[in-house]
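Residue numbers (the working numbering), protein chains in the order written: chain S, 1 to 144; chain Y, 145 to 677. Below is one structure, written out as structure tokens; comments come after it.
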Ligand SMILES: Nc1ncnc2c1ncn2[C@@H]1O[C@H](COP(=O)(O)OP(=O)(O)OP(=O)(O)O)[C@@H](O)[C@H]1O
Ligand SMILES: [Mg+2]
């Protein structure tokens, strides 16, 4: 029980901490470029690009829209409500052009996933902790 | 219309086979096809539901993996025509009192297809819908699948059914043919045999190898034909025997008939001669009766002749004496007496002569056949006396009152006088016989009476001869005119009297003879003779 409670407490503290904080984009070492423009990033996150230039699949990772990070992502990246983004992904998933995006409850989990999944690109709020994933610069900045 | 057993069996089998064929050709495939479609529909429905579930999980939990997997699975189906995601928007009116649901197609796969949400299933397309509800949105998954594969499978089923039906039909018809041959052949053989038996050929036999009812029937038929043959042979033999017997019997009978006929002829001849003899005897008998009467009649005049002759002899002696005496007056008186006596002698002599002549006339067996005008009254009276005296000559004690009533108007009538005389004699003899019989019964106050009367009636003469005897009972009356019928003791009467009389009156004179009688009071015989005959 104690083992279970600790991560939850940790999670809660992060959520409170990262309210309205900046978003960071990380990518897997394979396939994902080191730099992207804002419009590029938006296009990728709309699901318009199924593959990277080296041919590996584009896999999108986001914080769940119930988390602050998720909400931030919607407002900053998509400039849409969480509902609209969800609906958007519903239609994209139906078309099946790209793999369905993966959603996470914690930034740590997200980073871990991106670090270990080829072609994966993720957006989250907070600091980069995973050493194996690279931070993708957006318009030359580490966060936006 | 004649339909053979073979045809009937074939038709029956054909009907059954056709039914089977129709079943396997039409009903079975349609059943299969429907089952196929139903299965497919539920499969498609399940897929729609899976997608709907995926969508609702994706929306509520932001987990799109399930949806993706479901979609990938559905997309693998080559028959898939489209998958459409429809958003159901609830739109309220301004005062929020009522709402309507608006369908809004969010996405369709493949994208080039656009389908309206109110599409329905058709023969070539199956459409299945599955709704989902989340806090984000309500919606529906609409799945369209073509029925091409089902149709192909249905075609296959139909082909198979056709093959199976053909096989069933073929096998059925073969069985039918075999059955009809197996049943109809022995039946036809039986029918032929029966026909031949009906035409009289009792040698026909049915060969049957089948070990069933028909085989048994054939055996029974053969037995029956054998029995019939035996029976008919027996009947034929019996018939022959009967005919033989009949023929021999006929022969015997003919012989017998011949013999009998000869015998009869002989006895008829005998009878005829006997009858002739009897008639002769009757005549003789009546002659006897007559003779007695005649003798009596002759005796009378003879007595007169004798007496007067004797008296005359005495008178002649007296005359001689008186002549010698010269007594003239006395002589005259005596001569006168002699003359008177002589007249009497002649008269009585003539009378005797007449009587003899009459007797001779009567004794003549066959009269001349010439009818002569005769005084019936005189004839009747003469025979009355003859009969009466004849009887009295035989029987001294006999006595009877005689009454006569002769009609003078009768005059003369053309008759055979001897024959009619004989009739009257017969009737009188019978009358006297019965009154005498009754007299001998000593009934107090009985006076035997016989009456004879004649009467002219227009063109006939009626002679009535009555007695006051005992009459004739009805039973006897019916027979009295039959020849040889008599109630007299044997040896006394011939029974020919009335029979001969009847013949004489009716045949000989065209007249009538009948009897009126009252039992115990007497009988009247009535003879009617026509003047013209
Ligand atoms: N006057 C009569 N009264 C009663 N019976 C009579 C009389 N006349 C005839 N009969 C009956 O008729 C019968 C036949 O008469 P018929 O004169 O033919 O024969 P018969 O007198 O018997 O014999 P036969 O005349 O030869 O002596 C008689 O036997 C008698 O019975
Ligand atoms: Mg008589």
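Just so it is clear, CB atoms sit at the ideal spot from N, CA and C, and this is done for glycine as well. Small disclaimer: the values here were computed from a predicted structure and weren't measured.
8 Å Cβ shell around residue i - same chain, five flanking residues per side excluded
i: residue 340 of chain Y; result: 348
i: residue 22 of chain S; result: 125, 143 and 144
i: residue 664 of chain Y; result: 614 and 615
Inter-residue Cα distance where the pair is residue i and residue j
i: residue 395 of chain Y; j: residue 384 of chain Y; result: 16 Å
i: residue 571 of chain Y; j: residue 577 of chain Y; result: 10 Å
i: residue 127 of chain S; j: residue 32 of chain S; result: 19 Å
i: residue 579 of chain Y; j: residue 462 of chain Y; result: 51 Å
i: residue 313 of chain Y; j: residue 293 of chain Y; result: 29 Å
i: residue 123 of chain S; j: residue 93 of chain S; result: 19 Å
i: residue 532 of chain Y; j: residue 442 of chain Y; result: 15 Å
i: residue 382 of chain Y; j: residue 356 of chain Y; result: 39 Å
i: residue 509 of chain Y; j: residue 667 of chain Y; result: Per-residue confidence for residue 509 of chain Y stands at a pLDDT of 45, beneath the threshold of 50, marking its modelled position as unreliable; the derived number appears in the next sentence. Each residue's alpha carbon lies about 30 Å from the other.
i: residue 274 of chain Y; j: residue 297 of chain Y; result: 27 Å
i: residue 404 of chain Y; j: residue 393 of chain Y; result: 16 Å
i: residue 12 of chain S; j: residue 73 of chain S; result: Below a pLDDT of 50, predicted positions are generally treated as unreliable, and residue 12 of chain S, at 48, falls in that range; no measurement from the model is reported.
i: residue 171 of chain Y; j: residue 310 of chain Y; result: 15 Å
i: residue 19 of chain S; j: residue 60 of chain S; result: Confidence in residue 19 of chain S is poor, its pLDDT being 46 and thus under 50, which makes the residue's placement unreliable; the coordinate value appears in the next sentence. Those two C-alpha atoms are separated by around 22 Å.
i: residue 28 of chain S; j: residue 107 of chain S; result: 15 Å
i: residue 656 of chain Y; j: residue 650 of chain Y; result: 6 Å
i: residue 14 of chain S; j: residue 283 of chain Y; result: Annotation note: pLDDT 46 at residue 14 of chain S (below 50); position unreliable, no value reported.
i: residue 150 of chain Y; j: residue 306 of chain Y; result: 28 Å
i: residue 549 of chain Y; j: residue 409 of chain Y; result: 50 Å
i: residue 218 of chain Y; j: residue 47 of chain S; result: 21 Å
i: residue 45 of chain S; j: residue 100 of chain S; result: 11 Å
Other residues of its chain near residue i: CB distance less than 6 Å, five sequence neighbours each side excluded
i: residue 406 of chain Y; result: none
i: residue 210 of chain Y; result: 198 and 201
i: residue 474 of chain Y; result: 466
i: residue 359 of chain Y; result: 352
i: residue 544 of chain Y; result: 579, 592 and 594
i: residue 246 of chain Y; result: 233 and 235
i: residue 188 of chain Y; result: 270, 272, 287 and 289
i: residue 158 of chain Y; result: none
i: residue 102 of chain S; result: 61
Cβ-based neighbour list, residue i, same chain, cut-off 7 Å, excluding 5 preceding and 5 following
i: residue 520 of chain Y; result: 554, 557, 598, 605 and 607
i: residue 637 of chain Y; result: 630
i: residue 139 of chain S; result: 37 and 38
i: residue 308 of chain Y; result: 168
i: residue 194 of chain Y; result: 214
i: residue 123 of chain Y; result: With chain Y running from 145 to 677 in the structure shown, residue 123 of chain Y is simply not present.
i: residue 16 of chain S; result: Residue placement at residue 16 of chain S is flagged as unreliable, the pLDDT there being 44, under the threshold of 50; a coordinate-derived value is accordingly withheld.
i: residue 153 of chain Y; result: 320, 323, 324, 327 and 328
Boundaries of the beta strand (DSSP E) in which residue i is found, first to last residue
i: residue 283 of chain Y; result: 282 to 290
i: residue 232 of chain Y; result: 224 to 236
i: residue 247 of chain Y; result: 243 to 253
i: residue 92 of chain Y; result: Limits of chain Y in this structure are 145 at one end and 677 at the other, which puts residue 92 of chain Y out of reach.
i: residue 46 of chain S; result: That residue, residue 46 of chain S, is in no beta strand (DSSP E); its alpha helix (DSSP H) goes 38 to 46.
i: residue 25 of chain S; result: 23 to 27
i: residue 555 of chain Y; result: Counting along the chain, residue 555 of chain Y falls outside any beta strand (DSSP E), and DSSP gives it neither H nor E.
i: residue 276 of chain Y; result: 269 to 277
i: residue 124 of chain S; result: 120 to 125
i: residue 666 of chain Y; result: 666 to 674
Where the alpha helix (DSSP H) containing residue i begins and where it ends
i: residue 662 of chain Y; result: From DSSP, residue 662 of chain Y is part of no alpha helix (DSSP H) but of the beta strand (DSSP E) over 656 to 662.
i: residue 153 of chain Y; result: 149 to 166
i: residue 100 of chain S; result: No alpha helix (DSSP H) contains residue 100 of chain S, which DSSP labels as neither H nor E.
i: residue 172 of chain Y; result: 172 to 205
i: residue 110 of chain S; result: 107 to 116
i: residue 644 of chain Y; result: 641 to 647
i: residue 139 of chain S; result: It is not in any alpha helix (DSSP H) - residue 139 of chain S carries neither H nor E in the DSSP assignment.
Any non-hydrogen atom of ligand 3 closer than 7 Å to residue i Cβ
i: residue 418 of chain Y; result: Here the bound small molecules are ligand 1 and ligand 2; ligand 3 is not part of this structure.
- Message: With three or more beta-carbon pairs closer than 8 Å as the criterion, would you say the segment 23 to 42 of chain S touches the segment 176 to 186 of chain Y?
- Response: Fewer than three pairs of CB atoms, one per stretch, sit closer than 8 Å, so the segment 23 to 42 of chain S makes no contact with the segment 176 to 186 of chain Y.
- Query: Can at least three beta-carbon pairs, one atom from the segment 586 to 601 of chain Y and one from the segment 650 to 663 of chain Y, be found at a separation below 8 Å?
  - Reply: Contact between the segment 586 to 601 of chain Y and the segment 650 to 663 of chain Y is absent, because fewer than three Cβ pairs lie under 8 Å.
- Message: For the structure I just gave you, are there three or more beta carbon pairs, one from the segment 484 to 495 of chain Y and one from the segment 514 to 529 of chain Y, closer than 8 Å?
- Response: Flag = no, the segment 484 to 495 of chain Y and the segment 514 to 529 of chain Y do not touch.
- Item | Closer than 5 Å: residues whose CB approaches a heavy atom of ligand 2 | The filter returns Y/574 and Y/641, in chain order.
- Message: With three or more C-beta pairs closer than 8 Å as the rule, is the segment 129 to 138 of chain S touching the segment 105 to 120 of chain S?
- Response: These segments touch.
- Message: Within 8 Å, do at least three Cβ pairs link the segment 221 to 231 of chain Y to the segment 247 to 254 of chain Y?
- Response: Three or more Cβ pairs closer than 8 Å define a contact, and the segment 247 to 254 of chain Y meets that threshold against the segment 221 to 231 of chain Y.
- Task: Would you check if there are 3 or more beta carbon pairs closer than 8 Å linking the segment 81 to 99 of chain S to the segment 57 to 66 of chain S?
- Result: With the cut-off at 8 Å, the segment 81 to 99 of chain S and the segment 57 to 66 of chain S touch.
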